[in-house]
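In our numbering, the protein residues as written are 7 to 342. No residue lacks a Cβ here, since even glycine has one placed at the ideal position from N, Cα and C. Right, one structure below, let's go through it.
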Amino acid sequence: MDDPISAQEQKTYQSLVGSLIYFATTTPPNLRFTIAYLSKYNAAKSGHGEVAKILLESKEVNPDKPNQFGQTPLSRAALAGYGEVVKILLKQEKVSHNQRDEDEKLLSFMPLRLSKYREIPPSHAAECGSEGVMKILLSREEVNPNRPDRSGGTPLMRAAESGHEGVVKILLEREEVNPDELDNHGKTPLSHAATNGTEGITKIPLGRKEVNPGKPDNGGKTPLSCAASRGNEGVAKILLGREEVNPDKPDNSSQTPLSCAASGGHERAVRMLLGWEEVNPDNRGNDGKTPLLFAAWYGHEEVVKLLLSVKRSTLISEIITAKHRSRKRPRMDIEE
Numbered sequence: 007m008d009d010p011i012s013a014q015e016q017k018t019y020q021s022l023v024g025s026l027i028y029f030a031t032t033t034p035p036n037l038r039f040t041i042a043y044l045s046k047y048n049a050a051k052s053g054h055g056e057v058a059k060i061l062l063e064s065k066e067v068n069p070d071k072p073n074q075f076g077q078t079p080l081s082r083a084a085l086a087g088y089g090e091v092v093k094i095l096l097k098q099e100k101v102s103h104n105q106r107d108e109d110e111k112l113l114s115f116m117p118l119r120l121s122k123y124r125e126i127p128p129s130h131a132a133e134c135g136s137e138g139v140m141k142i143l144l145s146r147e148e149v150n151p152n153r154p155d156r157s158g159g160t161p162l163m164r165a166a167e168s169g170h171e172g173v174v175k176i177l178l179e180r181e182e183v184n185p186d187e188l189d190n191h192g193k194t195p196l197s198h199a200a201t202n203g204t205e206g207i208t209k210i211p212l213g214r215k216e217v218n219p220g221k222p223d224n225g226g227k228t229p230l231s232c233a234a235s236r237g238n239e240g241v242a243k244i245l246l247g248r249e250e251v252n253p254d255k256p257d258n259s260s261q262t263p264l265s266c267a268a269s270g271g272h273e274r275a276v277r278m279l280l281g282w283e284e285v286n287p288d289n290r291g292n293d294g295k296t297p298l299l300f301a302a303w304y305g306h307e308e309v310v311k312l313l314l315s316v317k318r319s320t321l322i323s324e325i326i327t328a329k330h331r332s333r334k335r336p337r338m339d340i341e342e
């Protein structure tokens, strides 16, 4: 539900509409600027469509021309969640429904809060979580709901990493959407959801038989490692409930989910992983570091105490090495 419209906001909006009507009838109008400018206001969103109609009546308006940041009016409207404007633009013959933004220009304007890769309208709608706009876009046959952006990320991945469960469900209703698609980094929608930490979204792809919950990315990290590295305990618990998930699977650097959790100082995730017999707390990565060394190196005292409580044959040597490491970076003391 939108915030209540203040009298001042309404007055400002009405004044803006009046100015745009004059603007549309006297000078070459700029629809792209208008949509960007309107995004500053929460007031009278239904009126945005009226302004778009006024401007589109002018033959001088190009409804598909990108602005100085490389975004088309359709991309801006999708990102802002303006469903009415999206509907109007999709009816324009000149509007490309799958056109990518010019990402190089977009990079120069950081306040847009976008990476250079989120450059097609469905991805914009997925990122902002606008279920209404996504449904409008998907109602058009020309719109490809599974089209990847330049990083290989699909709208489903963008919705998963942004935590928009409703949009994820809408996309997965489409047969052409692959729930286990890989981006250029080898990450699946599940990997993105695990990194984000949204338990509800994590459960959705796990309900599809095509999804491999233990699939590693190009760096060898599984969704479990992604969740562990962020301390997303709830997601890790869900993943560990699947037989296909190896709780001690190392990545390409030989770091296990436990190492990832220990490095980040995520005590609860570390405790959970230590509860599995398959997990080796003494596992060494390619650099020779164990979870204990990672925790000591980064000064995570509680995690160090937890790992020291686990008895293993290499424990004494690990204590000595951990003390040596912690002295180099004096963030904590390890008691003898």
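Can you list the alpha helix (DSSP H) stretches of 4 or more residues lying completely in the region 209-281, in chain order? Runs of the alpha helix (DSSP H) inside the region 209-281: 229-236, 239-246, 263-270, 273-280.
By the three-class DSSP mapping on this structure, what secondary structure does Gln164 have? Checking the sequence shown, residue 164 turns out to be Arg, not Gln. Here DSSP, grouped into helix, strand and coil, assigns Arg164 to helix.
Could you pull the start and end residues of the alpha helix (DSSP H) that Ile94 belongs to? Counting along the chain, the unbroken alpha helix (DSSP H) around Ile94 starts and ends at 89-96.
Please classify Lys227 as buried or exposed, where buried requires at least 16 neighbouring CB atoms within 10 angstroms. By the 16-neighbour rule on beta-carbons within 10 angstroms, Lys227 is buried.
Express the C-alpha separation of Gly225 and Asn258 in angstroms, rounding to a whole number. Their backbone Cα atoms lie some 6 Å apart in a straight line.
Whole angstroms is fine: what's the gap from Ser136's alpha carbon to Gly270's? Their backbone Cα atoms lie some 33 Å apart in a straight line.
Would you decide whether Val316 is buried or exposed? Buried here means 16 or more other CB atoms lie within 10 Å of its CB. So Val316 ends up on the exposed side.
Between which two residues does the alpha helix (DSSP H) harbouring Val174 extend? Taken as a continuous stretch (DSSP letters only), the alpha helix (DSSP H) holding Val174 covers 171-178.
Whole-angstrom C-beta distance between Ile210 and Leu178, which should lie under 8 Å: So it is a contact: roughly 7 Å between Cβ atoms.
Contact defined as beta carbons within less than 8 Å: I believe Pro79 pairs with Leu96. What is the distance between those atoms, to the nearest angstrom? Actually they are not in contact, since the Cβ atoms of Pro79 and Leu96 sit about 11 Å apart, beyond 8 Å.
Decide if Lys3 is buried, meaning its Cβ has at least 16 other Cβ atoms within 10 Å, or exposed. It is not possible to answer for residue 3, since the shown part of the chain is limited to 7 through 342.
Hey, Leu314 and Pro297: beta-carbon distance below 8 Å or not? No.
Residue ranges of each alpha helix (DSSP H) within the region 287-312, 4 or longer: The region 287-312 contains these whole alpha helix (DSSP H) runs: 297-303.
Straight-line Cα distance separating Asn184 from Ala166: In this model, Ala166 and Asn184 are separated by some 13 Å (Cα to Cα).
Classify His306 as buried or exposed, calling it buried when 16 or more other Cβ atoms lie within 10 Å of its own Cβ. By the neighbour-count definition (other C-beta atoms within 10 Å, threshold 16), His306 is a buried residue.
Could you tell me the boundaries of the alpha helix (DSSP H) in which Lys141 lies? 137-144 is the extent of the alpha helix (DSSP H) around Lys141.
Quick one: what's got a C-beta closer than 7 Å to Tyr304's C-beta in the same chain, skipping five residues either side? A distance below 7 Å between beta-carbons, with the five flanking residues on each side excluded, links Tyr304 to the following residues of its chain, in chain order: Ser269, Gly271.
How many Å lie between Lys221 and Asn289 at the Cα? Taking the straight line from one Cα to the other gives about 21 Å.
Glu171 burial status per 10 Å Cβ neighbour count (16 or more: buried): It is buried - the Cβ of Glu171 has at least 16 other Cβ atoms within 10 Å.
Is Asn152 helix, strand or coil when you go by DSSP? In the three-state scheme derived from DSSP, where H, G and I count as helix and E and B as strand, Asn152 is classed as coil.
Inter-residue CB distance, Pro263 and Ala234 (contact presumed, cutoff 8 Å): The pair is a contact, with the Cβ atoms about 4 Å apart (cut-off 8 Å).
By DSSP, does Asn184 sit in helix, in strand, or in coil? Residue state, collapsed to three classes: coil.
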